[in-house]
Amino acid sequence: MANIKCIGILTSGGDAPGMNAAIRAVTRAAIYNGLGVKGIYRGYKGLVTGEISEFRSQNVSNIIQLGGTILKTARCKEFMTPEGRQIAYDNMKKEGIDALVIIGGDGSLTGARIFAEEFDVPCIGLPGTIDNDLYGTDTTIGYDTALNTILEAVDKIRDTATSHERLFFVEVMGRDAGFLALNGAIASGAEAAIIPELDTEVDQLEEFIKNGFRKSKNSSIVIVAESGLTGGAMHYADRVKNEYPEYDVRVTILGHVQRGGSPTAHDRILASRLGAAAIDAIMEGQRNVMIGIENDEVVYVPFTKAIKNNKPIKLELVNVLRELSI
Ligand code: ADP
Numbered sequence: 001m002a003n004i005k006c007i008g009i010l011t012s013g014g015d016a017p018g019m020n021a022a023i024r025a026v027t028r029a030a031i032y033n034g035l036g037v038k039g040i041y042r043g044y045k046g047l048v049t050g051e052i053s054e055f056r057s058q059n060v061s062n063i064i065q066l067g068g069t070i071l072k073t074a075r076c077k078e079f080m081t082p083e084g085r086q087i088a089y090d091n092m093k094k095e096g097i098d099a100l101v102i103i104g105g106d107g108s109l110t111g112a113r114i115f116a117e118e119f120d121v122p123c124i125g126l127p128g129t130i131d132n133d134l135y136g137t138d139t140t141i142g143y144d145t146a147l148n149t150i151l152e153a154v155d156k157i158r159d160t161a162t163s164h165e166r167l168f169f170v171e172v173m174g175r176d177a178g179f180l181a182l183n184g185a186i187a188s189g190a191e192a193a194i195i196p197e198l199d200t201e202v203d204q205l206e207e208f209i210k211n212g213f214r215k216s217k218n219s220s221i222v223i224v225a226e227s228g229l230t231g232g233a234m235h236y237a238d239r240v241k242n243e244y245p246e247y248d249v250r251v252t253i254l255g256h257v258q259r260g261g262s263p264t265a266h267d268r269i270l271a272s273r274l275g276a277a278a279i280d281a282i283m284e285g286q287r288n289v290m291i292g293i294e295n296d297e298v299v300y301v302p303f304t305k306a307i308k309n310n311k312p313i314k315l316e317l318v319n320v321l322r323e324l325s326i
């Protein structure tokens with residue numbers, strides 16, 4: 001361990017339920033191991049503006065159950081410039097911070113990788129995103145909670161869809177990844193999922209209609225990933241209105257409800273394990289890795305791998321959905 005006495009912790013990019021559990025875990029594990037902790041507010045922005053304060057164990061009391069992030073989050077353009085990162089580095093040194101733990105998604109870890117390379121600062125990343133789109137970890141902090149929020153909503157939509165014998169397109173988040181859409185569809189018993197990963201291969205709407213939409217059912221729910229690649233739920237609803245005007249179509253865009261709420265037990269445990277492991281990694285002298293979970297074991301994934309590689313969708317899941325929606 002390269003003489004690390006104090007760590008800084010920040011949450012950056014899109015918020016995700018379980019970020020607070022991760023902040024708590026990192027803070028408590030650091031203190032347990034004799035390290036000082038500083039909380040950096042509003043992601044990289046706080047590093048640039050110097051919004052930093054000392055964290056003690058009590059600062060993270062009673063937060064494990066809260067959605068959002070007590071450290072706030074933001075997007076920071078200055079950090080994307082060398083000048084901005086220089087100011088961030090100077091502030092870090094001024095505050096006596098020797099290493100950073102960054103909780104965030106793809107973009108946040110990209111920023112961490114660049115910062116770590118430029119200034120030789122040990123940075124440890126935790127995958128905090130509802131999208132589950134980071135390579136090298138089976139799941140990300142917030143994903144399970146978002147999935148459960150989707151289920152709750154789709155179960156309710158199913159009631160009205162059945163009563164009116166309608167076709168519903170339900171749009172869920174996920175950026176350019178279809179994990180929420182695909183697993184949300186399987187878990188809610190939806191008829192199909194339209195996901196960006198399959199968009200280049202087949203016309204997913206054609207396939208869904210061809211496979212017998214409504215032959216024996218009195219309602220149908222299709223979960224659509226929000227991605228620009230698929231065009232989202234509105235695009236498919238418009239297509240059905242034009243190409244199959246006999247169907248009664250409705251659209252629900254779930255939106256930001258998916259980002260909030262108290263984290264599930266799964267996300268709290270995941271965040272606690274990853275947060276504690278981040279401090280273990282620092283104590284071991286690891287740097288510039290994301291902490292992930294693979295086959296229920298903690299793994300260290302180099303930033304370059306976590307960010308650059310596309311996490312593949314399991315085709316088995318696509319087949320399960322297809323088979324079970326007949
Ligand atoms: P997420 O972490 O959820 O993917 P963003 O993509 O918005 O969210 O990234 C969060 C922040 O990370 C950005 O506002 C910026 O401060 C930082 N960041 C993202 N990409 C870069 C980059 N290429 N260089 C430096 N900083 C970056």
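In my numbering, the protein residues as written are 1 to 326.
Backbone N, C-alpha and C fix where the C-beta goes; we use that ideal spot for every residue, glycine too.
*Would you say Ile114 touches the ligand ADP, meaning its beta carbon is less than 6 Å from a heavy atom?*
Your numbering for residue 114 matches position 114 in the sequence shown. It does: the Cβ of Ile114 is within 6 Å (strictly closer) of some heavy atom of the ligand ADP.
*asked:* If you reduce the DSSP assignment to three classes, tell me which class Ala21 lands in.
replied: Position 21 of the sequence shown holds residue 21. The three-state secondary structure of Ala21, taken from DSSP, is helix.
*Of all the options Gly136, Arg268 and Ala265, which has the alpha carbon lying nearest to the alpha carbon of Glu297?*
Reading the sequence shown from its first residue, position 297 is the one you call residue 297. Among Gly136, Arg268 and Ala265, the Cα nearest to that of Glu297 belongs to Gly136.
*Give me the Cα-Cα distance between Lys72 and Ala146, rounded to the nearest whole angstrom.*
In the sequence shown, residue 72 corresponds to position 72, counting from 1. In the sequence shown, residue 146 corresponds to position 146, counting from 1. The straight-line gap from Cα to Cα measures roughly 19 Å.
*Grab the span of the beta strand (DSSP E) containing Ala225 for me, first residue to last.*
Locating residue 225 in the sequence shown gives position 225, counting from the first residue. From DSSP, the beta strand (DSSP E) with Ala225 extends over Ser220 to Ala225.
_Does the contact criterion of 3 or more C-beta pairs under 8 Å hold for the segment 255-270 versus the segment 188-206?_
Touching, no.
*Cβ contact check for the segment 15-23 and the segment 283-296: 3 or more pairs under 8 Å*: Inter-segment contact for the segment 15-23 and the segment 283-296 is absent: fewer than three beta-carbon pairs are separated by less than 8 Å.
*Note down, in chain order, each residue of its chain lying with its Cβ closer than 6 Å to the Cβ of Ala112, except the 5 sequence neighbours on either side.*
Indexing the sequence shown from 1 puts residue 112 at position 112. Result list for Ala112: Ile102, Cys123 and Gly125, in chain order.
*Run of the beta strand (DSSP E) containing Ala99, from where it starts to where it stops*: Along the sequence shown, read from residue 1 onward, the residue named residue 99 stands at position 99. Ala99 to Gly104 is the span of the beta strand (DSSP E), which, as asked, contains Ala99.
_Check: Cys76 C-beta below 6 Å from any heavy atom of the ligand ADP_ = Sequence index remark: in the sequence shown, residue 76 carries index 76 (1-based). Yes, the Cβ of Cys76 comes within 6 Å of a heavy atom of the ligand ADP.
_Close beta carbons around Leu274, own chain, < 6 Å, minus the five adjacent residues each side_ = In the sequence shown, counting from the first residue as 1, residue 274 sits at position 274. Excluding residues within five positions, the ones whose Cβ falls inside 6 Å are Leu126 and Ile291.
*How would you write the range of the alpha helix (DSSP H) that Arg273 sits in, first residue to last?*
Numbered from 1 along the sequence shown, position 273 holds the residue referred to as residue 273. Looking at the DSSP string, the run of the alpha helix (DSSP H) that includes Arg273 is Ala265 to Met283.
_Close-in-space but distant-in-sequence residues of the same chain around Pro312 (CB under 8 Å, 5 per side omitted)_ = If you number the sequence shown from 1, residue 312 lands on position 312. Hits under 8 Å: Glu197.
*With burial defined as no fewer than 16 other Cβ atoms inside 10 Å of the residue's Cβ, what is the status of Gly178: buried or exposed?*
Reading the sequence shown from its first residue, position 178 is the one you call residue 178. Gly178 is buried by the Cβ-count criterion.
*Minimum C-alpha distance to Ile64 - residue among Glu284, Ile97, Ile223 and Thr27*: The residue labelled residue 64 in the question sits at position 64 within the sequence shown. Here the closest residue by C-alpha is Thr27.
*Answer with buried or exposed for Ser53, where buried requires no fewer than 16 other C-beta atoms within 10 angstroms of its C-beta.*
Taking the sequence shown and counting its residues from 1, one reaches residue 53 at position 53. Here Ser53 is exposed, its C-beta having fewer than 16 other C-beta atoms within 10 Å.
*Tell me, to the nearest whole angstrom, how far the beta carbon of Gly68 is from that of Asn20; I am working on the premise that it is less than 8 Å.*
For the purposes of this step, residue 68 is identified with residue 68 of the sequence shown, where counting begins at 1. For the purposes of this step, residue 20 is identified with residue 20 of the sequence shown, where counting begins at 1. Their Cβ separation, rounded to whole angstroms, is 7 Å, which keeps Gly68 and Asn20 in contact under 8 Å.
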